[in-house]
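Residue numbers (our numbering): 224 to 446.
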Amino acid sequence: MDNLEKFFRRNQEEFDVLQPDPGSWEAIVQRQNALPKNLPFHQKGNFWLILALFASLLAVGFYFQSQKQPAIPFADECQLEKGMVFPDIKLRSPDGELVALSSLQGKVVLVEFWASYSMVCTEENCYYFKPIYEEFKDRGFEIYAVSVDSSANSWIKAIERDQLPWVQVADLSETQSALVKKFKIDKLPAVFLLNENGEILEVEVDTKTLREKLNKLLAYRSE
224 MDNLEKFFRR
234 NQEEFDVLQP
244 DPGSWEAIVQ
254 RQNALPKNLP
264 FHQKGNFWLI
274 LALFASLLAV
284 GFYFQSQKQP
294 AIPFADECQL
304 EKGMVFPDIK
314 LRSPDGELVA
324 LSSLQGKVVL
334 VEFWASYSMV
344 CTEENCYYFK
354 PIYEEFKDRG
364 FEIYAVSVDS
374 SANSWIKAIE
384 RDQLPWVQVA
394 DLSETQSALV
404 KKFKIDKLPA
414 VFLLNENGEI
424 LEVEVDTKTL
434 REKLNKLLAY
444 RSE
C-alpha cells in the first residue's frame, strides 16, 4: 500500500487530469483521499457515517428499481376452486402488448397454465384443445394461455411450431412466477373453465367434459 501511495503522489498531476462526475463513486473516493490526515477522530467518524448513509440510500434505490414488475391485482395466495371469480391478471403477449383476462369478459374462457418444455402440454394443446377451439371459437369461446416458460424464444417457437391461435401471454418467470405461487399451481397443464362472468365452472376439466359444457353454455349462440 505504501508503494502504491508513493506512485500516486509521484504521478499526481497525471491523475488530476481526470475529472470524475461529482456524484460518482470515483469522486467520493477522490474526496476521501483528499481529506487531511490529521483530522480529529470525531470528524472522520462523521464523514464515514455520512458516506455509509449515502451508500445505503443508493443501494435501496437500486434494489427497488430492479424489483419493478407489472402489478398483479391481488395480494394473498388463493386456491382456485369452483364457484370463485377468477382474479384478473394482465400479462404480455408475444408482440409485447399487455392483455388482461378481464378483456375477455362476456366469453366462456378456458384459462390454461402451460410450458413449451412439457410434452403433456404440447399433446393437450395440439390434439385436444385445437379441435375444440376451432369448433367453438365463433360462438363465444376463447382460451387464455399463460406460459410459465423462462425463455421467450422457446415460448414463441412453441406457439409457432404448434400453430396455437388463441390468446397467449407469459411473465417468463418459470417456477418463480408470482402467478404460480399465488394460485398454488403445482402441475402443468393446469386448466380452469370460466363462464361469461369470470366464475370458475370447472377445475382440471377433461376434453369430454369441456365439449359437453361448451355445448350447453353456448347452445343459444349460432355458429
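Glycine included, each C-beta is placed from N, C-alpha and C at the ideal position. Because the structure is a prediction, the values reported are computed rather than measured.
For residue i versus residue j, is the C-beta spacing smaller than 8 Å?
i, j, result
"residue 454", "residue 405", "No answer is possible for residue 454: the residues shown for the chain start at 224 and end at 446."
"residue 417", "residue 336", "no"
"residue 316", "residue 381", "no"
"residue 385", "residue 345", "yes"
Taking only the alpha-carbon atoms, compute the straight-line gap between residue i and residue j and give it to the nearest angstrom.
i, j, result
"residue 437", "residue 359", "8 Å"
"residue 423", "residue 393", "21 Å"
"residue 351", "residue 430", "6 Å"
"residue 440", "residue 323", "22 Å"
"residue 389", "residue 368", "8 Å"
"residue 434", "residue 411", "21 Å"
"residue 379", "residue 355", "22 Å"
"residue 372", "residue 407", "17 Å"
"residue 357", "residue 302", "30 Å"
"residue 318", "residue 370", "14 Å"
"residue 443", "residue 426", "24 Å"
"residue 420", "residue 377", "33 Å"
"residue 325", "residue 314", "11 Å"
"residue 286", "residue 353", "Confidence is the limiting factor: at residue 286 the pLDDT is only 38, short of 50, which leaves the residue's position unreliable, though a coordinate-based value still follows. Their backbone Cα atoms lie some 43 Å apart in a straight line."
"residue 341", "residue 432", "23 Å"
Can you check which of these residues, the options, is closest to residue i by C-alpha distance?
i, options, result
"residue 185", "415, 361, 354 and 374", "This structure gives no information on residue 185, because the portion of the chain shown stretches from 224 to 446."
"residue 347", "387, 376 and 383", "387"
"residue 312", "376, 400 and 384", "400"
"residue 320", "391, 402 and 426", "391"
"residue 428", "334, 325 and 326", "334"
"residue 349", "419, 383, 325 and 426", "383"
"residue 343", "426, 413 and 325", "413"
Please look up how many angstroms separate the CB atoms of residue i and residue j, rounded, as I've assumed it's under 8 Å.
i, j, result
"residue 395", "residue 375", "6 Å"
| Contact the segment 318-336 vs the segment 358-374: 3+ CB pairs below 8 Å | yes
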